[in-house]
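Everything on this sheet refers to the single structure shown next.
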Ligand code: GLC
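Residue numbers (the working numbering): 12 to 735.
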């Protein structure tokens, strides 16, 4: 699917003609992006725009400032080259959708694309034509704060959802009304920061790099993403911003990426901190050599490239190549043919409806003992307790810079509206998620005593995830567990709703809760989504796209792990007391915690039940280059219509490189009426089964493959086929 017009003759000719008229200063100006635009526009900024000092601004100014700055660039600069305004429109502009990690749990590319398109239209109306999204860093470490921004631990699913977001942002053509350029980031391996500590080193063997971390970026490149951003991290000792292997050999060489590369925020001079550049001159040279076209915020390009060209250290053609990539984007966006932004009203009813649907589909029902949920809409007092029940800013999650708290509908507000004030008792219990004081417990317990069912709203403030917000612990912060312990003593049924930017470890709270709904940071319409789910006006359907550990000590923990030479089995769960000789067996596990996750990848419950049956393979043997179809019947055996996300996993028994015990190779969201059966089919080619061998060749090797058509990554109907 090519979204973006490949370099077209017409545009290339216009670029060539423009380049021929540009001075070296004007070229380097195009390569410079600033955040220095303040409101109102200063005379200095106006003068710099007239002189062609900047090619782009990010996160700057008001819509009016941007319009005036653009007018000056088009009408008062020597060549009339338009400015490109970028912004972090990560999961919504004014209508805030769930954080991307939450969106990914919907496994719904179509809905995710619709949400991205709404975000693009709202931003476009304010003069934004470039977003620094989607963030597609695979991570297997929930300590890392930016896990919230990503699309989970699996490269197959992240690739599909990344392409959906890109298509949503960029539409079918970048020149379409409402289209904005996407920017996949942070290339590559940033999510593998050692110890989950922000900006830390990433050491990734090439085989894992190519099999786990690169695929979403390759899918994005193949799908025509307009821009890409290298990460802050050093990859195997070389900062991504100056890394020839990933930026030249792979991105431009192997993938033939035609888009534009922008550095991350001051990442070019940070190569000095990395100990990879001697000074800002060296940093500028190394970034340009690696193919970074535009510098974000820092000014090493403006300060040094002209001298480097004049000294013959940098080839003028390298400057022209970078400027060509920048101008191409501006032409493709139609910026030269400046049409006034289409004014769409933000938070339009259809936008809020999509935001509610995506929030609803993203939430994961982790536990529902005795079918406690859905609750009755008609009777019983409900106590709403906890610091996340009425916290609009936290509900929007990280990177929601244009979201407004006043637009957010919180769970408390939504539940009062659905049930009527008389049935709802409310007490926050804690001032915020990190509050250690128990002063609020008395009131909370008093309200809880009067209720038939207690809804706990726990989790993390939004500030505890996102950039530079790694956590060494994954527990519920503050005195939340203590609050749960006190509430649990009342012996009333507890439903726990967790709103957080990452997987958390909350084993004790889970044990005390009869039902658990994980809501991520669900955005503007999170409240109505939660109210509908808890009271049966919607049925939970989300499934985890990242593994939930029992304890942070298990991290990194993920489903697609290698078998090891001594795999643990369910018989290794739990460790006998006393001191018998070698009681625990020599297998890959721990002696102090169950080796399995708290909740596995792909897991999520419904209010209905589903039966998998009639597993079939279209042929027992598959020739190289051939295709076979793996199929099964899925039946809704429950009493309510519901969605089921059916997953296909494969494993090759023997190969020249040890293969993961399962790898996701297909997923389908089915909507099933009660009693309905659907035959779900997954076409599989030998290309789908390829991996990187010891020589880093992408190969499919003959052998026996097991496969599962499954509700999650640990269960499912198992079958077999042979590749010849
Ligand atoms: C930040 C982030 C990047 C973001 C950029 C602009 O530091 O790393 O994801 O797009 O700066 O805000």
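Each residue gets a CB set at the ideal place from its N, CA and C atoms; glycine is no exception.
Check: residue i C-beta below 7 Å from any heavy atom of the ligand GLC
| i | result |
| --- | --- |
| residue 69 | yes |
| residue 143 | yes |
| residue 275 | yes |
| residue 196 | yes |
| residue 478 | yes |
| residue 99 | yes |
Nonlocal neighbours in the same chain, by C-beta distance under 8 Å from residue i, ignoring five residues either side
| i | result |
| --- | --- |
| residue 727 | 623, 658, 660, 719, 720 and 721 |
| residue 310 | 43 |
| residue 568 | 151, 558, 560 and 608 |
| residue 601 | 564 and 565 |
| residue 396 | 437, 438, 439, 440, 455, 458, 459, 465, 466, 467, 468, 494 and 498 |
| residue 227 | 147, 149, 162, 166, 169, 170, 173 and 195 |
| residue 330 | 35, 38, 39, 42, 299, 316 and 320 |
| residue 492 | 486, 517, 519 and 520 |
| residue 345 | 185 and 186 |
| residue 28 | none |
Residues near residue i in its chain [Cβ-Cβ closer than 6 Å; skip 5 each side]
| i | result |
| --- | --- |
| residue 725 | 611 |
| residue 529 | 375, 377 and 509 |
| residue 203 | 213 and 215 |
| residue 107 | 407, 411, 414, 534 and 535 |
| residue 733 | 632 and 715 |
| residue 403 | 416, 419 and 421 |
| residue 735 | 632, 634 and 713 |
| residue 650 | 685 |
| residue 250 | 282, 285 and 287 |
| residue 206 | none |
| residue 606 | 579 and 600 |
| residue 104 | 130, 133, 134 and 413 |
| residue 278 | 243 and 252 |
Chain-order list of residues whose beta-carbon lies under 7 Å from that of residue i (same chain, five-residue window excluded)
| i | result |
| --- | --- |
| residue 614 | 554, 555 and 723 |
| residue 647 | 619, 621, 653, 683, 684, 685, 686 and 687 |
| residue 629 | 639 and 640 |
| residue 69 | 44, 46, 97, 98 and 307 |
| residue 87 | 61 |
| residue 392 | 434, 436, 461, 462 and 463 |
| residue 48 | 56, 68, 71, 72, 76 and 80 |
| residue 263 | 302 |
Pick from the options that is closest to residue i, judged by C-alpha positions
| i | options | result |
| --- | --- | --- |
| residue 92 | 133, 142, 187 and 32 | 32 |
| residue 682 | 571, 664 and 552 | 552 |
| residue 625 | 586, 199, 643 and 236 | 643 |
| residue 134 | 541, 413 and 542 | 413 |
| residue 65 | 393, 102 and 338 | 338 |
| residue 717 | 153, 224 and 663 | 663 |
| residue 192 | 139, 25 and 546 | 139 |
| residue 208 | 479, 668 and 549 | 479 |
| residue 401 | 383, 649, 273 and 537 | 537 |
| residue 334 | 503, 25 and 521 | 25 |
| residue 52 | 74, 145 and 111 | 74 |
| residue 541 | 340, 332 and 399 | 399 |
| residue 211 | 201, 477 and 220 | 201 |
| residue 704 | 668, 673 and 672 | 668 |
| residue 290 | 271, 267, 303 and 314 | 314 |
| residue 382 | 573, 532 and 505 | 505 |
| residue 266 | 230, 255 and 512 | 230 |
Contact between the stretch 319–326 and the stretch 293–304 (3+ Cβ pairs under 8 Å): The stretch 319–326, when compared against the stretch 293–304, does touch it at the 8 Å Cβ threshold.
Inter-stretch contact (C-beta, 8 Å, three-pair minimum) for the stretch 691–699 and the stretch 633–643: Here the stretch 691–699 lies against the stretch 633–643, with 3 or more beta-carbon pairs under 8 Å apart.
Validate contact between the stretch 470–488 and the stretch 404–421 using beta carbons, cut 8 Å, 3 pairs: Output reads yes: the stretch 404–421 touches the stretch 470–488.
Stretch pair the stretch 81–91 + the stretch 112–131: three plus CB contacts closer than 8 Å: Verdict: no, contact absent.
Inter-stretch contact (C-beta, 8 Å, three-pair minimum) for the stretch 428–437 and the stretch 359–368: These segments do not touch.
Inter-stretch contact at 8 Å, needing at least 3 Cβ pairs: the stretch 174–184 / the stretch 228–235: With a cut-off of 8 Å, the stretch 228–235 and the stretch 174–184 count as touching, because enough Cβ pairs lie within range.
Segment contact flag, the stretch 541–551 with the stretch 378–396, C-beta cutoff 8 Å, min 3 pairs: Segments in contact, yes.
Validate contact between the stretch 151–163 and the stretch 239–252 using beta carbons, cut 8 Å, 3 pairs: Result no; under three Cβ-Cβ pairs closer than 8 Å.
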